[in-house]
RNA sequence: CGGGGUGUAGCGCAGCUUGGCAGCGCGCUUCGUUCGGGACGAAGAGGCCGCCGGUUCAAAUCCGGCCACCCCGACCA
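Numbering (our numbering), first residue to last: -11 to 449.
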C-alpha cells in the first residue's frame, strides 16, 4: 500500500529502524514546527543523559512497575560489571526530577519549563515500523509548578497549542482530544491528556500525550520549594511527549495506493519542477521558474534526472510531493505549463492521477502566486477529506454491544457513565480500547467527576 | 511465551515432491535509439542456495541438528 522503501528498513537491533533521508526530512520539518511551538509556550531545551541508574526508576512505584518489562539494561562498562545497572532511558521523568530537586529552592525558581529532543528505548514485545519501534526519536517536556492548577493549565496549554494545533493545522489530521481512563493512564501520572487520530483503516493512533504527574515525582525525588507562606511544599510536575510515531501517523492517515501524500505546510518539497525533456529552452524556462518560486518562498525542487518522464513522475508521487509542474516544449510554445496536484486522486490508485481534475494547464505568468494559492487549497482539502472520512466512521451509540459493533470498523462514542470501567474491560476483550474521555462538545474534560463525559472507543495501533 | 510461515544474486521469487551444469522478473553497468505517465534493443556484471553434520558417484533438492527473520496474540508513545 505505501512506499515503504522510502521510509525505513529493519535495523541492526530488533525492532529499531533506519530512517532514510526523505523520511527523516519529514521528521525534521515536524521537529522544527513543534520546537517553535514549545518555545512559544515558554519552555527551553536542555539535554540529559542517556543512562539512568536503575535505582532512580525504583523511587516512583507506579513508574518502575509500568516500565520494568520494557527496559534495556546496561550491566557492563569499561570491561567490568557495573556496581549498579544503568537503564537506557525509556523516558526521563526520574532524571529531570533528580536535577529539579537540586535546582529548585524557592517559589521564585518556579515554574521550571524544560524540554529535550532525544532518543529513547523501550524493549517492546512486538515492534511496528514508525508506530512502536524499540528505539525512537522524540521530544519530552518536563515542568515543575507551584500549584496543581498551574501544572494542569500548563499541560493543557501544551496539549492544545503545541500538539493538537500542530496535528490539525500542519499535519492536516483531525484530532480528538481528551483524558485517558485510569486504565490507560501513563505510569506515574495522575491524569493523562491524549491527542487521538484516526488512520485510513479506521484504527486509532495516539499522536501525542501530556501528563499531570501530581506530586508523585516531587515526593519521590524531594523536589521542594519554600513557598510564599514560608513553608516547604512539593512542586507539581508535568511531562509531555511526541515522537517519530507522528511520521507513521502522517503516512497512515493520508497515504493512498499511489504512495504518500504530504500536506503542503509540512512538505520538505512543496513543488517539484519536471522538465519533460532536456531541450535548452525547456531547461532555461524551468530554471527561471525555480528562481521565481524561491523568491516567493515556496519550497521547490528541480528534477533534471535522466530517467524517463514517467519514472520521475511516479517517484515524486510516491514521495507525496503536493504539486508537480511539468514543463515541456508543447505547453511552453503557448506560454503555458502543466500543474498537477497530488491529493486529488483520493486513494483510488492506478492511473487516476492522470485524470483531468488533478491536472491543469496554466499560464506561465503569475505561476508562483497561483501555486501558493493552490498549496493552501491542498492543505485545506486534505484536512477536510480526513475529517469527513473520520466523522463517517464515528458512531454515537447507547450500549456496550453497539459500541463493540461500531468499534470494529471505526470509533464508537457513548456516555462514559453507560460504559464505565467494567464496560471498558469488556471492550478490551474485543480488542477495543477507550481512546479518550471528553466533554459532549469534544473539548477536554474539566473534572473526572463530570457525569456528562463521553468516551471514544475503537481499535488502536 | 503460544500459534503459523519463510530462509536461493541488491530486491521479489521459481526450482525441492521424483538428487544430475544455479534459474526467472525487477534493479545495476556499457553502447545505441528514446524521453508529454513506470521505454526498447544488444552486450555484460552479480551466488557460502541461512549454518553444521549425515546419506550418496553426485545434494539447493533426501535425513538429523542448530540459527535467523516474518506474520498473528499477550505488553506499549
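Ideal placement from N, C-alpha and C gives every residue a C-beta, glycine not left out.
Closest in alpha carbon position to residue 88, among 273, 30 and 207, is 207. Taken through DSSP and simplified to helix, strand or coil, residue 266 comes out as coil.
Taken in chain order, the complete beta strand (DSSP E) segments of 3 or more residues contained in the segment 248 to 303 are 259 to 263 and 288 to 290.
Within the same chain, 443 come within 6 Å of residue 407 by CB-CB distance, once the 5 residues on both sides are set aside. Under the three-state reduction of DSSP, residue 152 is assigned to helix. Taking 9 Å as the cut-off, the Cβ atoms of residue 327 and residue 362 count as close.
In this structure, DSSP gives residue 3 a state outside helix and strand, which the three-state scheme calls coil. The segment 157 to 170 makes no contact with the segment 43 to 59; the number of CB pairs closer than 8 Å stays below 3. Residue 100 counts as buried, since no fewer than 16 other beta carbons sit within 10 angstroms of its beta carbon. Taken atom to atom, the span from the alpha-carbon of residue 190 to that of residue 377 is near 9 Å. The alpha-carbon of residue 140 is positioned some 39 Å away from that of residue 309.
For residue 90, there is no enclosing beta strand (DSSP E); the enclosing alpha helix (DSSP H) has its first and last residue at 81 to 91.
Per the C-alpha coordinates, the member of 55, 72, 56 and 16 positioned closest to residue 63 is 72. Take residue 196, set aside five residues on each side of it, and the residues of its chain with a beta-carbon closer than 6 Å to its own are 151, 183 and 230, in chain order. DSSP places residue 220 within a strand segment (E or B) once states are collapsed to three.
Within the same chain, Cβ atoms closer than 7 Å to the Cβ of residue 290 are found at 261, 274 and 278, the five residues on either side in sequence being excluded. By alpha-carbon distance to residue 34, the top candidate from 389, 245, 84 and 192 is 84. In the DSSP assignment, no residue is bridged to residue 195.
Per DSSP, the unbroken beta strand (DSSP E) holding residue 124 starts and ends at 123 to 133. Separation of residue 235 and residue 220 (C-alpha to C-alpha, rounded to the nearest whole angstrom) is 44 Å. Per the coordinates, the alpha-carbon of residue 332 lies some 50 Å from the alpha-carbon of residue 203.
Residue 428 sits in coil when the DSSP states are folded into three classes, being neither helix nor strand.
Our two residues, residue 232 and residue 445, have alpha carbons roughly 24 Å apart in a direct line.
With the rule of 3 Cβ pairs closer than 8 Å, the segment 76 to 83 counts as touching the segment 99 to 114.
At the C-beta level, residue 166 and residue 438 stay beyond 9 Å of one another.
With contact defined as three or more Cβ pairs closer than 8 Å, the segment 17 to 27 and the segment 145 to 161 are in contact. Within the same chain, Cβ atoms closer than 7 Å to the Cβ of residue 394 are found at 383, 385 and 400, the five residues on either side in sequence being excluded.
Under the DSSP definition of a beta bridge, residue 120 partners with 116. Between the alpha carbons of residue 369 and residue 281 lies a gap of roughly 22 Å. Within the segment 355 to 399, the beta strand (DSSP E) runs of at least 3 residues that lie entirely inside it are, in chain order, 382 to 384.
Per DSSP, reduced to three states, the secondary structure at residue 186 is strand. When only Cα atoms are considered, residue 346 and residue 312 end up about 10 Å apart. Beyond the five residues adjoining it in sequence on each side, residue 352 comes within less than 7 Å, by CB distance, of 323, 324 and 325 in the same chain, given in chain order. For residue 142, the enclosing alpha helix (DSSP H) has its first and last residue at 136 to 145.
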